[in-house]
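Chains as they are written, first to last, in the numbering used here: chain E, 72 to 1068; chain P, 96 to 554.
To start, the structure itself, in structure tokens.
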Amino acid sequence: MKKFYFKLNRHIISVLLGLFCATPMLAQTGKTVTGTVKELQVPLVGVMVKEEGTNNSTFTDDNGNYSLTLQQDNAKLIFEQLDFPIREEVVLNRSVINVSFTKEEEGIQLKDVVINAGYYSVKDKERTGSIARVTAKEIENQPVNNVLSAIQGRMAGVSIVQNSGNAGGGYDIQIRGRNSLRREGNEPLYIVDGVPFGSGNTTSVGLSSGILPYGESNPLNFLNPKEIESIEILKDADATAIYGSRGANGVVLITTKKGKSGKLNIAYNSDYTVGKVMNRLRLMNTSDYLAMRRTAFENDGIKTYPANAYDINGSWDVNSSTNWFNELVRHISSKNNNQLSINAASDQFQFLMSMGHFEATTVYPEPFRLKKTTALISLNYTSPNQRFSIGYKGNLSRSVNKLPSTDLFSSVISLAPNAPNLYNEQGELNWQNNTFVNPLASLRGYYTSNGDMMNHAILNSIQLIEGLSLVNNIGIYYSQSIENRVSPSTIYNPNYNYGSERSNVLRYDQKVMSYNIEPRLEYNKSINQHHFSNLVGLTFQHRQTNGLGISASNFLSNSLLNDLSSASVKTISAQPIIDYTYQSVYGRFGYNYQSKYFINLTGRRDGSSRFGQNFKYGNFGAIGAAWIFSKENFLNESYWLSFGKIRGSYGITGNDLIGDYQYLDTYITKARTYDQVTGLEPNSLYNPNFSWEKNKKLEFALDLSFFRDRIGFSLAWYRNVSGNQLVGIPLPGTTGFSSIQSNLPAKVENKGIEIELSAKPLQKTFQWKTALNLSFPQNKLVSFPDLEGSTYANTYVIGEPITIKKLYEWTGIDPITGLHTFKDFNQDGKINTEDKQVIKNVGVKWFGGWSNQVQYKNVGLDVLFQFVKQNSINYIAQSFIPGSLTNQPIEFLDAYSPNNPSAKYQRYSTGSQTLASQAYNNFKQSDQSVSDGSYIRLKNISISYQFKIANTSSLKLFLNGQNLWTLTNYFGADPEFVLSGYLPPLKEYTLGLQLNF
Amino acid sequence: MKSIFIHLKQGLIALILLTSCDNFLDLDTPNTQLVSAEVFEDKKTTDAALLNIYASLRDNGLLTGNNSGMTYLLGLYTDELDLYSINLLGQKEFYEHTLSTRNELVLTSWNTSYNQIYRLNALIEGVEKSTLLENQYKQTVLAEAYTMRGMLHLYLTQLFGEIPYITTTDYLQNKLVHKTPEKEIYERIEQDYLVAEELFLKGTKNTSKTRLNLTSLKTLKAKYYAQTKQWEKAKQHANDVIQTAGVTLEQDLSKEFLKESKSILWCFSPHLATGNSLETDVFMLKALPPAFVSLKPTFVNSFENGDQRKEIWIKKLNNNQGTWYQPYKYKAPNASSTVNVENSVVLRLAELYLIRAEANFQLSNFREAENDLNLIRKRANLPMLSNLSQHDLEQAILDEYKHELFTEYGHRFFDLKRWNRLNELQNSIPTWKPFMEKLPLPEKEILLNNNLKPQNDGY
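This is how it looks when you write it as structure tokens:
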């Protein structure tokens, strides 16, 4: 043991500790309160009845009766059952308190739910921070593999984009905008049941990038969305500062389900989904296409069609016409989900076990499939005297995913419509005398990813003395993945006569083992109207990642490709062992007076192994305050304003997503050999002096409810300034490398407004709840010392968002050459990079979601619309020159010719003319390549019918649709994600049932 | 698991005592990495760092035999190869002479070369600082590094014109570097070659053909002097190499590229002990019509009748659709081969006869030039030349370069360029323009470092 390292914080902690010790203990035994809890005259079983400010609680029995002996004077009872909002009753001089829960009937004063804020919980109405929440109810019917798909559009300030229509891929999730100049530096922190989850990308980029955009996957792919109870997203400084150096991009807290009190309950869910690809691109038919090709050759002055112009020189049938979309990606995909959960509980024990199995097939014409089996075990024990509790949650998951190794979607767009048939008369793949690269051959190559994951979380709590508890959180995360990219020799043209000696397999195994230990002291105390709620704690985390990459080729047989020992050439391509350690001390001091005035202070000191010797530690903290002005006398009891709160927060959080060991100056081994010696090469340019990225967050918000919570309104304004940017600063190739890790003294500001509106217009037999969220993010590069002299000079402009593009200004088509023209800004007679002076922001202007829940007797209807106002990179940016041997969208029919002088696109060219190619290349980088990508999408619609079978049993049938309808002007396959060549999202229909007994 | 409990215990104690361990955050060097200074304390690891640069030259960048090297790309760019693939845009731009400043193959060539130069500089700095390596060993390693550094810069300047000459690993300096004036580039190349020569003389003798040695350095110097038109020196160096013991012109053309060939001055060792040249994989016509490239019929027809090189180094294939020609200097496939018979030959003796012929021609020793040509022609079973006019002799030298060194490291391009006759390509390639003698500087690099401006003319 060395000396205490948190020198600065010691005093603060001493003060906090002093506070605990100085407070007198007021435990006293009071009277016993009894009563019955009912819903519409039916006794409710398993409602938790708790004395506020204590751990003193009990549950209602089979007849809805409870009995609780009070510990405090001026006690208040809290009645809690997950299906209902929390009820509070001040005991006063009553000894019998009967409670009647009604589903939000008018006239009953309701209190809000308690939300998870990570290291502590807080009542929604009393929080000082900004926390968005989605619960199981809203996401349970959706046929998604990753829960992030289900929460799209449901939370203000949270932008989620799914990168691929194939299961198993990654997501771009941005909480209040892009803080970091690095794409991967914007990833939030994922915490599942208190355990830091996964380690960013779980796939090996080199193996998966053909099918998964960026070669990425998302760690939450491991979880079963149906086993998730709630998701809380921490946004502002007050909420995220307790996560210190990892909170800058927001924190996603996932709580899996746990045993509910009550009698034995068995639930079974099953659903079946069919889906197909959405594609907005309409491509040319054969006659339009061939006309384009002929004109292109004519325009280029080529009289005889060259040998490789197969489409028109007679090699291919000019009369054939194939819709490649139908041939290659129009297979109906299916998803099947089954889940069984068993819940049992007594006063001391709660137990939940859930098992799920999920399968998804793809839209490709081969049997690719994802299979995922998950299990969740939740155990809780509370001692009879309520002073000791221990809980365990185990999430287990095994998934086997098989996908093509390359996405056929790019072939769908580019293949000529008269390209040959996929199969010849013999039913074999057709290569049309070697003039055709048959896209189906590539499906014989595949990518598999087998992953296992275990996440164990143990939370135990001991009440040391009244109000003071020692809580310890222990987490163990383990995951293992085996990925293979198999390229059998059969993917090649059989005329090559390749045998299994040409087959090769790349394999990457990865194991991640992480544990975290987080002991903390919690102290809650009320003295008259003064309420304190404090905690101090420590975190230790160690994560080790073990990788092993093998490349094997020259196999004995194509049937033995899964047996690497049958390959005659085997190379170990990599075997990294990466450690990451992290430790910190943190505290939160909360105080409120009369539950009206709140103030919270949060502090954290973090150390991370990712930084060099003198830069390992950083300090973070925040202050948050709130005033519930509706409790003031002048407003109290007001009918129209039932709740009103102003809150604000300010603080600093950090970001250490930089990769490990970057501060070392090292050589690494390379599998490549020379003279039979394995090589060593410099790893990277090295910089020992980089440190945390810091993000200063400021927020003000107003929360209002009117007419006894029938209408809710929330308005938040925030400003986050992210400085000390930790980036791989791009370097010119003359330095030997493309970048160096360093802190950049640039500042990026994200500010914006978030509006949430909710209403319950109808509350009788016909119930209608509606909620709208709107976010107006603004991003700006505030400062960047010496931008002009830096390598970012041509990328960013101070005062503009960091998502801008500098582009050529398109000035129409030259009637003489028929080619695109551009504004020559510097008037040097040439169009080159210096003329890229038009600034276009490629990004979101505003976005939101509108959800509706309608209930009439047993029929329920849920509808969610998602809408985004944005500018996107459109199809032009990635297109090939119209007239070359690739099909084109019908928009390109509007090409220049003497008969069509006002065309949008230049005359057709085969690409062999330099001027035409250059003009087109510039066009691809002109202001025309960015256009409106706004859309409104019916993200989710669900109709359900519930049958009551017996008092306690029910059957619910539902029909669900995903992405059913989209309104957009976007020019491209899909406005939601614009990565060219990858499968867009699917339109899906689900039929399912939920059985409870 | 043990450590978990240790930390749990630590955690609890820490919470109570408010103390903690500093060393929790101090990690060992990762298993796959070696601290740079340690690399150069040991001969084995120094070898690994040096040989890795050879391996990189073999697999990536300008000298590689695969489809990103000069052999392939400049073959497409000049009048040697036809391209059949329709989707490979980067290659298409070379073939169709529509090179844009954003061509990714140009960018990769540039970046890979400078990465190799970085590694050379890191090696030079590390070895020079090292106190534990023995002197003679150090001198040989340094000599090889200086030779490669000079060679890479020479290729870069021949391709791009003025380029930065990089001699340090300091990125702060290299990121804002200006182009070095052409005259200075050539001075520095010569300087590197001269330093290398001195070191080779002092260092441990090395005769391995897979490594650079004094003979291969002299070959590179001969090329350098020819390039800079210092004909006396070019002739002298070519002479030196031709007269080196153990190196003779292989008379059997079918053995010229075998690994035991006596003509070889420098070749690449394959990645696998059983591998062969990378060229075969790229050029082999696995099906007809070719998937990627084949020799242009006009090129094949330009051989004189009876030229054995046409028979032995070119493979003719036909089917009912037509006839195609495969460069067939290398015959053994690399992928899935079981025995090593051929390596990519970077420098071979025949070129030195041609350099000497060229130097003699420029020095007006026309008959000596003819003699040198005849040594090469004899081997190809061609009639001897005599008393050619100066004009015919010039053409004969250029033709001999063309037919001897086709599809070898862009020779055709560099030879035409040196003779100032690149524009003759217009006869067979109508789209050829004079500005194409230089490749465009990658736009991305100019954007990252404005000091690299201006872009080469025409782009």
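C-beta atoms are modelled at their ideal positions from N, C-alpha and C, and glycine is treated no differently.
- When DSSP states are grouped into helix, strand and coil, Val1001(E) belongs to the strand group.
- Residues of the stretch 357–375 of chain P whose Cβ lies closer than 7 Å to any Cβ of chain E, in chain order: Ser364, His366, Leu367, Ala368.
- The alpha helix (DSSP H) runs lying completely inside the stretch 291–344 of chain E and spanning 4 residues or more are 308–311, given in chain order.
- Pairing Thr375(P) with Ser425(E), the inter-Cα distance amounts to about 58 Å.
- Cβ proximity to chain P below 8 Å picks out Pro801, Leu802, Pro803, Gly804, Thr805, Thr806, Gly807, Phe808, Ser809, Ile811 from the stretch 794–825 of chain E.
- Look at Pro972(E) here: in three-state DSSP terms it is coil, with no helix or strand label.
- Put simply, of Pro377(E), Ile337(E), Lys109(E) the residue whose alpha carbon is nearest the alpha carbon of Ser386(E) is Pro377(E).
- By the Cβ rule, the stretch 931–939 of chain E does not count as touching the stretch 947–958 of chain E, because fewer than three pairs are nearer than 8 Å.
- Counting only residues of its own chain and dropping the five nearest sequence neighbours on each side, Lys411(P) has a CB closer than 7 Å to the CB of Thr418, Tyr420.
- For the C-beta of Lys354(P), not a single chain E residue is nearer than 7 Å; the gap to the nearest is close to 13 Å.
- Between the stretch 789–796 of chain E and the stretch 813–830 of chain E there are three or more inter-stretch CB-CB distances shorter than 8 Å, so the stretches are counted as touching.
- The secondary-structure analysis by DSSP pairs Phe1029(E) across a beta bridge with Ser1015(E), Gly1063(E).
- Non-local C-beta neighbours of Thr326(E) in its own chain, meaning closer than 6 Å and more than five positions away in sequence, comprise Asn187, Glu300, Ser301, ordered along the chain.
- The Cβ atoms of Thr311(E) and Thr724(E) sit closer than 8 Å to each other.
- Between Ser558(E) and Ser628(E), the C-beta gap is not smaller than 8 Å, which leaves the two residues out of contact.
- Residue range 538–543 is occupied by the alpha helix (DSSP H) that includes Lys539(P).
- Residues of the stretch 741–775 of chain E with a Cβ closer than 7 Å to any Cβ of chain P, in chain order: Lys741, Arg743, Thr744, Tyr745, Asp746, Gln747, Val748, Thr749, Gly750, Leu751, Glu752, Pro753, Asn754, Leu756.
- Residue environment for Pro816(E): exposed (fewer than 16 other C-beta atoms within 10 angstroms of its C-beta).
- No Cβ of chain P is located within less than 8 Å of the beta carbon of Val583(E).
- Contact between Ile961(E) and Leu354(E) holds, since their C-beta atoms are separated by about 7 Å, short of 8 Å.
- One finds Glu752, Pro753, Gly807 in chain E with Cβ atoms closer than 9 Å to the Cβ of Arg214(P), taken in chain order.
- Below 8 Å, enough C-beta pairs join the stretch 797–808 of chain E and the stretch 843–863 of chain E to call them touching: three or more.
- The bridge partners DSSP lists for Asn476(P) come to none.
- Around the Cβ of Pro438(E), a 10 Å sphere holds fewer than 16 other Cβ atoms; the residue is exposed.
- Taking 8 Å as the cut-off, the Cβ atoms of Ala696(E) and Thr199(E) count as close.
- Within the stretch 361–446 of chain P, the complete alpha helix (DSSP H) segments at least 4 residues long are 373–378, 392–396, 403–407, listed from N- to C-terminus.
- The shortest CA-to-CA distance from Pro385(P) to any of Ser988(E), Asn350(E), Asn505(E), Asn663(E) is the one to Asn505(E).
- In the DSSP assignment, Met165(P) falls within the alpha helix (DSSP H) that extends over 165–172.
- Among the residues of chain E, those whose CB is under 7 Å from the CB of Tyr179(P) are Asn379, following chain order.
- The bridge partners DSSP lists for His601(E) are Ile598(E), Tyr664(E).
- Secondary structure at Leu470(P): helix, using DSSP grouped into helix, strand and coil.
- Under the three-state reduction of DSSP, Gly982(E) is assigned to coil, being neither helix nor strand.
- Taking CB atoms only, Trp527(P) has no neighbour in chain E less than 8 Å away.
- With a threshold of 8 Å between beta carbons, His248(P) makes no contact with chain E.
- Rounded to the nearest whole angstrom, the CA to CA distance from Glu905(E) to Gln268(P) is 24 Å.
- Residue burial annotation: Pro848(E) is buried, with at least 16 other C-beta atoms found within 10 angstroms of its C-beta.
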